[in-house]
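Student: Chains as they are written, first to last, in the UniProt record's numbering: chain F, 1 to 149; chain C, 1 to 149. Structure incoming, see below.
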DNA sequence: CTTGACATATCAGGCCCCTGATATAATATA
DNA sequence: TATATTATATCAGGGGCCTGATATGTCAAG
């Protein structure tokens, strides 16, 4: 390094940078926790969504995860390849492929749920209930501000 | 879709999900703002870091951005290919390649800085100064909780 | 001086995400 | 009915991130 070894913040004091750091730290923890199960964070999110809405289409999954159908297709293809998910043609709609969890998928999902819940709990274990509520509301206002104008 | 059309949240009420949404919304806005300049959000972050610390090594850049040296190498290679950044061998250390901005890199960085600052300002334009401080502190406590035990 | 620990750069392969483009099924409209 | 629009799936290519492995340069301990 050259001048400031222990100073990683490019724009210190910026809220956007702190949000990025929080998301990054959370993502690292989740990745480590579910890697032994053989799935990634995006795959976990998809397993959750399919479990909540069995028979969901790839396009609907993409909307739920705020990604493009192309991105979702890659995740679903990998889950199908690994036997955690199954796709069958919709009898009513000739184009939709209905995704369902396999027995193996449900098993992995259960274990992942527990691991992720533990991480979320640890993240807030020094925050009072009111503070969690405050944080959630302030973040939501930021999101609204970004999506509005 | 099957049961709940307009309900995208897989684990509604979870703080981790809200953090992810905020980061995602911010990233989308930044991407849109700097795409016309021909750079991506990670590339912008690297330009900032190189501008703050001219002659920085690839490994130091990776540490600053919390990514692996391999990941950083790809970004730096693309920036070099696009003529926004230049790398020269360190005269004192036979292995380090010192990164510097080109004239073109400085020009793009200036425009990107303005665009990103505008987005950050919009994100918090309905929040009082005290609320921004609260949000930042609460997020930092979550980060600490995640990285500690 | 030799050896070993560490830092740096880089290659290979995989996952996730994007934009752009294409093909087909379902539906609305003229 | 015929056409246009919309929805869905998918191919192609690129950027950014990861783990694992490799090669070389620096430095300290023996």
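Note that CB positions come from ideal geometry on N, CA and C, so glycine has one too.
1) Any Cβ of chain F within less than 8 Å of the Cβ of residue 19 of chain C?
2) My output table needs one value for residue 101 of chain F: the three-state DSSP class, helix, strand or coil.
3) Where do the ends of the beta strand (DSSP E) carrying residue 145 of chain C lie?
4) Looking only at DSSP bridge pairs, what is residue 56 of chain F linked to?
5) Any Cβ of chain F within less than 8 Å of the Cβ of residue 40 of chain C?
6) Is there at least one Cβ from chain C nearer than 8 Å to residue 131 of chain F's Cβ?
7) Indicate whether residue 98 of chain F and residue 57 of chain F have their beta-carbon atoms separated by less than 8 Å.
8) So if DSSP puts residue 85 of chain F in a beta bridge, which residue, or which two residues, is it bridged to?
9) Classify residue 145 of chain C: buried if its beta carbon has 16 or more other beta carbons within 10 angstroms, exposed otherwise.
10) Could you tell me whether the region 77-89 of chain F touches the region 20-35 of chain F, where touching means 3 or more Cβ pairs closer than 8 Å?
11) Would you grab the beta carbon distance between residue 47 of chain C and residue 109 of chain C for me? Rounded to a whole angstrom, and I think it's under 8 Å.
12) From which residue to which residue does the alpha helix (DSSP H) around residue 14 of chain C run?
13) Could you give the C-beta distance for residue 19 of chain F and residue 137 of chain C, rounded to a whole number, given that I count them as a contact under 8 Å?
14) What is the C-beta distance between residue 119 of chain C and residue 29 of chain C, in whole angstroms, given that I count them as a contact (C-beta under 8 Å)?
15) With a Cβ-Cβ cutoff of 8 Å, do residue 68 of chain F and residue 15 of chain C count as a contact?
16) Would you mind stating whether residue 102 of chain F and residue 127 of chain F have Cβ atoms separated by less than 8 Å?
17) Cβ atoms of residue 100 of chain F and residue 55 of chain F: under 8 Å apart, would you say?
18) Using the C-alpha atoms, what's the distance from residue 43 of chain C back to residue 113 of chain F?
19) Are any of the Cβ atoms in chain C nearer than 8 Å to that of residue 36 of chain F?
20) Which chain C residues are close to residue 22 of chain F, counting only those with a beta carbon under 7 Å from its beta carbon?
Tutor: Straight from the coordinates:
1) yes
2) strand
3) That residue, residue 145 of chain C, is in no beta strand (DSSP E); its alpha helix (DSSP H) goes 129-147.
4) F/99
5) no
6) yes
7) yes
8) F/101
9) buried
10) no
11) 4 Å
12) Run containing residue 14 of chain C: none; DSSP gives neither H nor E here.
13) Incorrect: roughly 13 Å between the Cβ atoms, too far for contact.
14) 5 Å
15) no
16) no
17) yes
18) 34 Å
19) no
20) 19, 139, 142 and 143
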